[in-house]
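Take a look at the structure below.
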Amino acid sequence: MTAFSKQFDIFLHHATVALFNGALPSLIIAGCIWIVLRLMFRTKSMAATGFLFALVGSLIGVLLGSSREPAVQAIVPALVTLITGYLGWTLRQEAHEDGNGWSRMLAQTDEREDMPKLVTKLVYVAVAALMLSTATASMWGASMRLTKEQSDREYEKWKITYETKQLPIETEILRRKAKLPPFDE
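Quick note on numbering: the sequence shown equals residues 2 to 186 in our numbering.
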């Protein structure tokens, strides 16, 4: 086996792990949310917006859940900023499409009935998809982290058993086969 083929095997291993532990959970969660939104609203724009926000949320959730560092302190403000920015951008775009600019948007901050219902639904769908996917994916990521930690603990138990019991026995067997004198501690 050449050095290149060893490196390629390592690359394939890491690519497979990234696919099954990162991309696939995010796509499954976002896809489920897309299906629900598509069945609920029957409009492609709602489902597409929900899918994109669900994909972002699920990627953040998997990273958040599988991280051993306290990333919540950085992720939650980032999500709030993302939601606020999207809400502001959407309302601004809608105000510009009507041709009335900021004056119309500022005049109706407290009046919901004048706001276009599609934009309101779009924002609700996007925020709901983002939050639902982030929560679901963070649980998925936490489950992956728990599995890895359990595997690490099992390995440590095996290593201690090997070093304290099996290794001295095998050393003694090899010493006797080689007809060496007893080992005094």
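Where a beta carbon is used, it is the ideal one built from N, C-alpha and C, also for glycine.
Everything numeric in this text was worked out from a predicted model, so none of it was measured.
Q) Which residue's Cα is closest to the Cα of L80: T3, K7, T135, L147? A) T135
**Q.** C-alpha distance - E164 paired with T172, whole-angstrom precision
**A.** 11 Å
Q. Any contact of the segment 35-51 with the segment 12-26, i.e. 3+ C-beta pairs under 8 Å?
A. no
Q) How about L65 and G142: are their beta carbons less than 9 Å apart? A) yes
(Q) For A31, count the other beta carbons within 10 Å of its own beta carbon; 16 or more makes it buried, fewer makes it exposed. Which is it? (A) buried
(Q) Nearest by alpha-carbon distance to N22: which of T3, S59, F9, Q151 is it? (A) S59
(Q) Taking the beta carbon of E112 as the centre, do at least 16 other beta carbons fall within 10 Å, making it buried, or is it exposed? (A) Low local confidence applies: a pLDDT of 49 at E112 is under 50, so the model's placement there is unreliable, with the coordinate-based value given in what follows. Counting Cβ neighbours within 10 Å, E112 comes out exposed, since fewer than 16 surround it.
Q) For R176, does the three-state DSSP call read helix, strand or coil? A) helix
Q. To the nearest angstrom, how far is it from the Cα of S152 to the Cα of A129?
A. 35 Å
**Q.** Alpha carbon of Q167 to alpha carbon of K178, nearest angstrom
**A.** 17 Å
Q. With 16 other CB atoms within 10 Å as the buried threshold, where does I11 fall?
A. exposed
(Q) For T3 and Q74, what's the separation of their Cα atoms in angstroms? (A) 45 Å
(Q) According to DSSP, is R154 part of a helix, a strand, or is it coil? (A) helix
Q) Alpha carbon to alpha carbon, how far is I76 from L131? A) 13 Å
Q) Rounded to a whole number of angstroms, what is the C-alpha to C-alpha distance between K122 and M41? A) 12 Å
(Q) Give me, in chain order, the residues of the same chain whose beta-carbon lies closer than 8 Å to that of R146; leave out the 5 immediate sequence neighbours on both sides. (A) G66, S67, S68, R69
Q) Pick from P26, F52, L25: whose alpha carbon is nearest that of I36? A) F52
Q. Considering only residues of the same chain and omitting the five flanking positions on each side of L38, which have a CB-CB separation below 8 Å?
A. M47, A48, G51, F52, V126, A130
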